[in-house]
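Chemist:
Numbering (the UniProt record's numbering), first residue to last: 1 to 295.
(1) Inspect the CB distances between the stretch 204 to 222 and the stretch 257 to 267 and report whether three or more fall short of 8 Å.
(2) For residue 96, I'd like the list of residues in its chain whose CB is within less than 7 Å of its CB, leaving aside the five on either flank, ordered along the chain.
(3) Which whole-angstrom value is the C-beta distance of residue 285 and residue 235, which I expect to be below 8 Å?
(4) Out of curiosity, what's the CA-to-CA distance linking residue 173 and residue 190?
(5) Can you give the Cα-Cα distance for residue 105 and residue 175, rounded to whole angstroms?
(6) For the stretch 260 to 271 against the stretch 179 to 186, do three or more pairs of beta-carbon atoms, one drawn from each stretch, fall closer than 8 Å, so that the two count as touching?
(7) Name, in chain order, the residues that DSSP records as bridge partners for residue 113.
(8) How big is the Cα-Cα spacing for residue 229 and residue 212?
(9) Using CA atoms only, rank isn't needed, just tell me which of 170, 151, 158, 277 is closest to residue 218.
(10) Anyone know if the C-beta pair for residue 158 and residue 139 falls short of 8 Å?
(11) What three-state label does DSSP hand residue 193 in the structure shown?
(12) Measuring alpha carbon to alpha carbon, tell me which residue in 71, 130, 76 is nearest residue 91.
(13) Specify the secondary structure class of residue 178 as computed by DSSP and reduced to three states.
(14) Taking 8 Å as the cut-off, decide whether the C-beta atoms of residue 155 and residue 135 are in contact.
(15) Over the uninterrupted alpha helix (DSSP H) stretch that includes residue 137, give me the two end residues.
(16) Report the rounded CA-to-CA distance for residue 93 versus residue 225, giving the unit in angstroms.
(17) Would residue 199 be called buried (16 or more neighbouring beta carbons within 10 Å of its own) or exposed?
(18) Taking buried to mean at least 16 other C-beta atoms within 10 Å of its own C-beta, is residue 232 buried or exposed?
(19) Suppose you measure from the CA of residue 76 to the CA of residue 279; what does that come to, to the nearest Å?
(20) Alpha carbon to alpha carbon, what distance is there between residue 83 and residue 54?
(21) Quick one: Cα of residue 188 to Cα of residue 201, how far?
(22) Here's the rule I'm using: 16 or more other beta-carbon atoms within 10 Å means buried, otherwise exposed. How should residue 162 be labelled?
(23) I'd like the span of the alpha helix (DSSP H) that includes residue 132, first residue to last.
(24) Once you ignore the five residues that flank residue 80 on each side, which residues in its own chain have a CB closer than 7 Å to its CB?
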């Protein structure tokens with residue numbers, strides 16, 4: 001009897017252990033199914049029991065992710081844009097200081113400061129690069145296509161760029177006048193090269209853009225017409241300014257360096273590198289204006 005009870009109890013114990021093992025297998029199977037279904041939900045974007053929905057089907061999350069992606073891409077291009085632009089400005093300034101005697105000349109006897117004819121040329125190319133190219137390009141991206149008005153910071157930056165560019169043109173005028181013989185006509189020595197013609201055209205376009213920007217800022221009725229046209233017209237003005245700068249740079253290098261320009265001197269390489277940087281800067285401007293995530 002005792003033996004039968006032992007066998008019976010042993011049999012019962014084995015049965016209970018088998019049930020526990022079966023329950024563990026069922027539990028593991030349920031966990032595996034939950035994990036599998038969760039992964040399938042993440043891939044397909046179906047709604048789960050707790051209301052989860054993937055970003056592919058949820059409009060708000062999807063739009064947020066797209067905006068973050070566009071913002072990151074635009075920030076990357078903006079960083080490259082600023083780096084190239086500032087490198088252009090730094091290159092032409094360093095070249096003027098290192099190779100062309102800077103911007104001022106101090107007399108050791110009278111302790112006075114003056115500007116020579118060649119230094120006026122340095123002022124011209126430096127101020128033109130800062131005003132016509134760098135500052136003007138930055139003002140383009142202050143015209144927001146999704147806004148209905150012209151902002152005051154845009155008008156202020158545009159005006160500052162215009163004044164800097166005008167000073168650059170005045171510096172070249174003084175440079176030309178300094179070498180003219182007395183009694184010559186006022187137009188002699190001016191406006192005879194492709195650099196002069198394209199420069200005057202760029203200055204005229206800049207003036208029109210500045211006047212229309214001020215008018216658009218003062219008269220809200222012109223916003224719907226002026227804003228879309230203003231950005232593209234600014235791009236055309238930048239292209240014309242770049243053409244004028246490259247043409248003048250080539251003319252200046254041939255005239256100033258003479259035979260050293262053909263012998264790959266360091267200054268000639270610096271000028272050629274500066275020209276390539278300006279062209280790359282122009283490509284970045286055009287790309288950021290055309291693409292929708294430029295802002």
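Even for Gly, the Cβ is constructed at its ideal location relative to N, Cα and C.
Modeler: Short version:
(1) no
(2) Here residue 96 refers to the residue found at position 96 of the chain shown. Same-chain partners within the cutoff: 102, 103, 122, 126.
(3) Numbered from its first residue, the chain shown carries residue 285 at position 285. Numbered from its first residue, the chain shown carries residue 235 at position 235. The Cβ separation is near 7 Å, so the contact holds.
(4) Taking the chain shown and counting its residues from 1, the one referred to as residue 173 is at position 173. Taking the chain shown and counting its residues from 1, the one referred to as residue 190 is at position 190. Whole-angstrom Cα-Cα distance: 8 Å.
(5) In the chain shown, residue 105 corresponds to position 105, counting from 1. In the chain shown, residue 175 corresponds to position 175, counting from 1. Each residue's alpha carbon lies about 15 Å from the other.
(6) no
(7) By 1-based counting over the chain shown, the position of residue 113 is 113. In the DSSP output, where bridge partners are listed per residue, residue 113 has 106.
(8) Here residue 229 corresponds to residue number 229 of the chain shown, with the count starting at 1. Here residue 212 corresponds to residue number 212 of the chain shown, with the count starting at 1. Going from the Cα of residue 229 to the Cα of residue 212 covers about 10 Å.
(9) Position 218 of the chain shown, counted from the first residue, corresponds to residue 218. When each option's Cα is compared against that of residue 218, the closest is 151.
(10) Reading the chain shown from its first residue, position 158 is the one you call residue 158. Reading the chain shown from its first residue, position 139 is the one you call residue 139. Yes. Within cutoff.
(11) Looking up residue 193 in the chain shown gives position 193. Reduced to three states, the DSSP call for residue 193 is coil.
(12) Residue 91 sits at position 91 when you count from the first residue of the chain shown. Selected option, being the one with the closest Cα: 130.
(13) Here residue 178 refers to the residue found at position 178 of the chain shown. DSSP places residue 178 in helix when its eight states are reduced to three.
(14) For the purposes of this step, residue 155 is taken as the residue at position 155 of the chain shown. For the purposes of this step, residue 135 is taken as the residue at position 135 of the chain shown. Result no, Cβ atoms of residue 155 and residue 135 do not sit closer than 8 Å.
(15) Here residue 137 corresponds to residue number 137 of the chain shown, with the count starting at 1. First-last of the alpha helix (DSSP H) with residue 137: 136 to 140.
(16) Numbered from its first residue, the chain shown carries residue 93 at position 93. Numbered from its first residue, the chain shown carries residue 225 at position 225. Whole-angstrom Cα-Cα distance: 39 Å.
(17) For this step, residue 199 is matched to residue 199 along the chain shown. Buried.
(18) Numbered from its first residue, the chain shown carries residue 232 at position 232. By the neighbour-count rule (16 or more Cβ atoms within 10 Å), residue 232 is not buried but exposed.
(19) To locate residue 76, count along the chain shown from 1; it is residue 76. To locate residue 279, count along the chain shown from 1; it is residue 279. In a straight line, the C-alpha of residue 76 is about 19 Å away from that of residue 279.
(20) Locating residue 54 in the chain shown gives position 54, where the first residue counts as 1. Locating residue 83 in the chain shown gives position 83, where the first residue counts as 1. Any reading at residue 54 must be qualified, since the residue scores a pLDDT of 49, below 50, and its modelled position is unreliable; the value itself is stated next. Cα to Cα, residue 54 sits roughly 38 Å from residue 83.
(21) Numbered from 1 along the chain shown, position 188 holds the residue referred to as residue 188. Numbered from 1 along the chain shown, position 201 holds the residue referred to as residue 201. Answer to the nearest angstrom: the Cα atoms are 19 Å apart.
(22) Working through the chain shown from its first residue, we reach residue 162 at position 162. Counting Cβ neighbours within 10 Å, residue 162 comes out buried, since at least 16 surround it.
(23) Locating residue 132 in the chain shown gives position 132, counting from the first residue. Note, residue 132: premise wrong, no alpha helix (DSSP H); not H, not E.
(24) Taking the first residue of the chain shown as 1, we reach residue 80 at position 80. The residues are 284.
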